[in-house]
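See below for the structure under consideration.
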Amino acid sequence: MIKKATFLTSNSDFRNCPDPTKPEFAFIGRSNVGKSSLINMLANNKNLAKTSGKPGKTQLINHFDAEGKWWIVDLPGYGFAQVSKSIKADWEKMIKGYLTSRPNLKATFVLIDSRLDPQKRDLDFILWCAQNGVPIVLVFTKADKLSVSKVKGNVNKFLAASQVIFEEPPLYFVTSSTTAVGREELVGFMEEVAEE
Ligand code: GTP
Ligand code: MG
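Residue 1 is where the sequence shown starts when you use the UniProt record's numbering, and the numbers rise one by one after that.
Dropping the structure here:
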């Protein structure tokens, strides 16, 4: 668990984000996939990042400090249908600008809903990451919603679908924000990478 996490800044423009003086980890994925909930679960603090049952809650680049050692970044979701084309384009620019301009970005966690078959939007996004040199780690969310064997099946389907993108299968974690499954593994990974 992250023992002490605090809010730092919210920005609509990656150029205004904090100077890259500490290692950071970004959380991205479709709207409503559970990015903000996962961050709260990792820090055991329900009020840290704003969450909602309605997609489109997180609209800015939000930096949080973890134990004074590294940063966590909550991003808006992609693929949110209910906003205008121009807002969607703005969000995409904000996210992609951010992901390609942070020298301290150690890993980008791409969250995938473990209940679903591989989605084109997710595959398109990780293809863009691969093509732009953005190192990703997959995080399957909402694992509490289905059986362990169903989760395994869906993880394998996703890995199979992403085989055309990666030479080596990406690292992945299975998580649930309600049961805290995967918390120690994910925090352990970040601590290790932040110290490298
Ligand atoms: P945007 O900010 O809109 O892009 O969404 P987000 O990806 O940050 O999702 P958020 O964390 O706000 O969660 C969306 C909804 O999914 C909320 O109703 C959460 O309670 C629910 N949710 C998130 N994670 C889990 C989980 O692990 N298990 C279950 N059962 N529900 C979850
Ligand atoms: Mg959010």
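Using N, Cα and C, we set each Cβ at its ideal position, and we do this for glycine too.
This structure is a prediction, so every number in the text was calculated from the model and none was measured.
The beta strand (DSSP E) that contains residue i, what's its start and end?
{"i": "residue 174", "result": "172 to 174"}
{"i": "residue 29", "result": "24 to 29"}
{"i": "residue 61", "result": "61 to 66"}
{"i": "residue 2", "result": "That residue, residue 2, is in no beta strand (DSSP E); it is neither H nor E in DSSP."}
{"i": "residue 143", "result": "Run containing residue 143: none; DSSP gives neither H nor E here."}
{"i": "residue 35", "result": "Per DSSP, residue 35 belongs to no beta strand (DSSP E); it is in the alpha helix (DSSP H), 35 to 43."}
{"i": "residue 107", "result": "105 to 113"}
Based on Cα-Cα distance, which residue from the options lies nearest to residue i?
{"i": "residue 67", "options": "24, 55 and 56", "result": "24"}
{"i": "residue 35", "options": "166, 195, 97 and 108", "result": "108"}
{"i": "residue 102", "options": "121, 72, 149 and 143", "result": "72"}
{"i": "residue 198", "options": "128, 86, 44 and 40", "result": "Lying before the first or after the last residue shown, residue 198 is absent from the chain, which here runs from 1 to 196."}
{"i": "residue 129", "options": "170, 14, 153 and 177", "result": "170"}
{"i": "residue 88", "options": "159, 56 and 112", "result": "56"}
{"i": "residue 172", "options": "165, 62, 92 and 185", "result": "185"}
{"i": "residue 123", "options": "38, 138 and 74", "result": "138"}
{"i": "residue 114", "options": "22, 5, 26 and 181", "result": "181"}
{"i": "residue 60", "options": "135, 17 and 162", "result": "17"}
{"i": "residue 8", "options": "111, 69, 126 and 29", "result": "69"}
{"i": "residue 10", "options": "94, 126 and 159", "result": "94"}
{"i": "residue 187", "options": "38, 30 and 79", "result": "38"}
{"i": "residue 83", "options": "110, 151, 58 and 142", "result": "58"}
{"i": "residue 63", "options": "91, 22, 32 and 78", "result": "22"}
What are the boundary residues of the alpha helix (DSSP H) that residue i is part of?
{"i": "residue 161", "result": "148 to 161"}
{"i": "residue 90", "result": "85 to 99"}
{"i": "residue 73", "result": "Where residue 73 is concerned, there is no enclosing alpha helix (DSSP H), although the beta strand (DSSP E) it sits in stretches over 70 to 74."}
{"i": "residue 187", "result": "183 to 195"}
{"i": "residue 116", "result": "Counting along the chain, residue 116 falls outside any alpha helix (DSSP H), and DSSP gives it neither H nor E."}
{"i": "residue 129", "result": "120 to 131"}
For residue i, does the count of other Cβ atoms within 10 angstroms reach 16, so buried, or fall short, so exposed?
{"i": "residue 179", "result": "exposed"}
{"i": "residue 15", "result": "exposed"}
{"i": "residue 106", "result": "buried"}
{"i": "residue 19", "result": "exposed"}
{"i": "residue 74", "result": "buried"}
{"i": "residue 13", "result": "exposed"}
{"i": "residue 120", "result": "exposed"}
{"i": "residue 135", "result": "exposed"}
{"i": "residue 65", "result": "buried"}
Three Cβ pairs or more, each shorter than 8 Å: is that satisfied between the stretch 144 to 155 and the stretch 89 to 100? no
Would you check if there are 3 or more beta carbon pairs closer than 8 Å linking the stretch 186 to 194 to the stretch 151 to 164? no
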